[in-house]
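Note sheet for the following structure.
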Amino acid sequence: MIQTIATIIIPVFIIIALGYSATLFKFLEISEIQILTKFAQNIALPCLLFINLYKLDLNSVFSLNLLLTFYLSASISFVIGILIGYYFFLKNLANSIPIGFCCLFSNSLLLGLPITELALGTEALESNFIIVAFHAPFCYLLGISAMEISINGNKNLLIACKKILKSILSNALTVGIILGFLFNVSHIPIPYFLTDALNLLAKAGIPIALFALGGILTQYKEKLINSLPQSIMIACISLFIQPLLTVYFGKNIFTISEEELKSAVITAAMAPGVNAFIFSNMYKRSIEIAASSVILCTAISIFSSAFWITYIS
């Protein structure tokens, strides 16, 4: 099992390593890496979110109890990460929120889907898709709201709310999410040649974001070791506490089906994805911690995923 999971995770490291090497040996300048990051963040990943939400059959996969189970666990993990980051490490709320975001945003797409399919079969992916559909909207709404409140805490509440709304609506990722939902529920047809073009852009999103992450890491290579204590804390919360909370809420509070619980637990047990880095990069806060945690947690998840798959089986 561990060897099979490793075959899913190792390509992630290879792409990150290629980006790191290309930048370290000056095949690409850091300014060019920043352009790639901007392309992934503002064009390719929004296309990925839009096209997947547009195609999703919400009527057949929607489960409120499943969503409550997963996102309550994720939200508690978010708060725990912020509190520990604030009181034990950074003493700054705005810098601690990206730590909470790392604990919140598991890699449901790049790792969650293939590992669930490997462990439970293709038929189990329906529950994953409904989680993925709300994952980025929920996490970015929560993260951006918390960050804007922390930055504008002394201002008028109405001004803070306007700032939050403006930040959310001006974020390309959330725009892609909102448009995907709107086109889905309104059944607006999109010409096939346009969906084909969007699919091509969408496929570029994750690999380019991972490659750019590797390039950005060259700026923080001296600081990555210094971020190890925070990264270990993030690993404990994201890889163990969040799935444990999911088991508790799924079994005892919301009583979801066994199939839904298995998908939710595996997804909750995934390492923070590249979105954790993107969120930190958006606000230029705790970037080295986010980058370090993505690498460390992804490596540990080879073993933690095997543990949780064995547990739920």
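Taking the working numbering, the leading residue of the sequence shown gets 49, the next gets one more, and so forth. By construction, the Cβ of each residue, glycine as well, lies at the ideal position given by its N, Cα and C atoms.
* In DSSP terms, what Ser154 is bridged to -> Its beta-bridge partners are Pro320.
* **Best match in Phe153, Ser79, Thr117, Leu293 for proximity to Pro320 [C-alpha to C-alpha]** => Of Phe153, Ser79, Thr117, Leu293, the residue nearest in Cα terms is Phe153.
* To do: Go through its chain and collect everything with a Cβ distance to Ala252's Cβ below 6 angstroms, but skip five positions before and after it.
  => Around Ala252: Ala92.
* Under the three-state DSSP convention, the category Asp244 falls into -> Asp244 falls in the helix class under three-state DSSP.
* Asked: Exposed or buried, which one is Lys332 when buried takes at least 16 other CB atoms within 10 Å?
  -> By the 10 Å Cβ count, Lys332 comes out exposed.
* Asked: With distances taken between CB atoms, is the gap from Asn143 to Ser334 smaller than 8 angstroms?
  -> A contact, by the Cβ cut-off of 8 angstroms.
* **Collapsed DSSP secondary structure at Ile238 in the structure displayed** => Residue state, collapsed to three classes: coil.
* To do: Return the first residue and the last residue of the alpha helix (DSSP H) that Tyr296 is part of.
  => Here the alpha helix (DSSP H) through Tyr296 covers 290-296.
* To do: May I ask you to report which of helix, strand or coil DSSP gives Thr303?
  => Three-state result, Thr303: coil.
* To do: Answer yes or no: do Thr315 and Ile179 have a C-beta to C-beta separation smaller than 8 angstroms?
  => Less than 8 angstroms divides the Cβ of Thr315 from the Cβ of Ile179.
* To do: Determine contact between the segment 175-191 and the segment 66-76, defined as no fewer than three beta-carbon pairs at a distance below 8 angstroms.
  => Under the Cβ criterion (8 angstroms, minimum of three pairs), the segment 175-191 does not count as touching the segment 66-76.
* With C-beta atoms as the reference, is Phe118 less than 8 angstroms away from Gly148? -> In this structure, Gly148 does not lie closer than 8 angstroms to Phe118 by Cβ.
* Asked: Taking 7 angstroms as the cut-off, does the CB of Ile63 come closer than this to any heavy atom belonging to the ligand ADP?
  -> Absence of the ligand ADP from the depicted structure is noted, as is the absence of any ligand whatsoever, leaving it without description.
* Entirely within the segment 50-138 and at least 4 residues each: give me those alpha helix (DSSP H) ranges in chain order. => List check, alpha helix (DSSP H) in window: 50-72, 78-87, 93-103, 106-109, 112-132.
* To do: Within its chain, find whatever has a CB closer than 7 angstroms to the CB of Ser286; leave out the 5 residues flanking it on each side and keep chain order.
  => If we look at Ser286 and ignore the five residues flanking it on each side, its Cβ neighbours are Ser125, Cys150, Cys151, Ser154, Ala319, Pro320, Cys345.
* To do: Please report how far the alpha carbon of Lys86 lies from the alpha carbon of Leu272, in whole angstroms.
  => Distance between the alpha carbons of Lys86 and Leu272 is about 23 angstroms.
* To do: Go through its chain and collect everything with a Cβ distance to Gly298's Cβ below 7 angstroms, but skip five positions before and after it.
  => Its chain contains Thr117, Ile304, Leu309, Ala312 as the residues whose beta carbon lies nearer than 7 angstroms to that of Gly298, once the 5 sequence neighbours on both sides are disregarded; these appear in chain order.
* Measure the CB-CB distance between Ile53 and Ile350 and report whether it falls below 8 angstroms. => Yes, the pair counts as a contact, with Cβ atoms nearer than the cut-off.
* Asked: Nearest CA to the CA of Gly129: which residue from Ile62, Ile81, Ala324?
  -> Nearest of Ile62, Ile81, Ala324 to Gly129, Cα basis: Ala324.
* Asked: How many whole angstroms separate the CB atoms of Leu104 and Phe177, which I take to be in contact at a CB cut-off of 8 angstroms?
  -> The Cβ separation is near 6 angstroms, so the contact holds.
* **Continuous alpha helix (DSSP H) stretch holding Gln367: start and end** => This structure gives no information on residue 367, because the portion of the chain shown stretches from 49 to 361.
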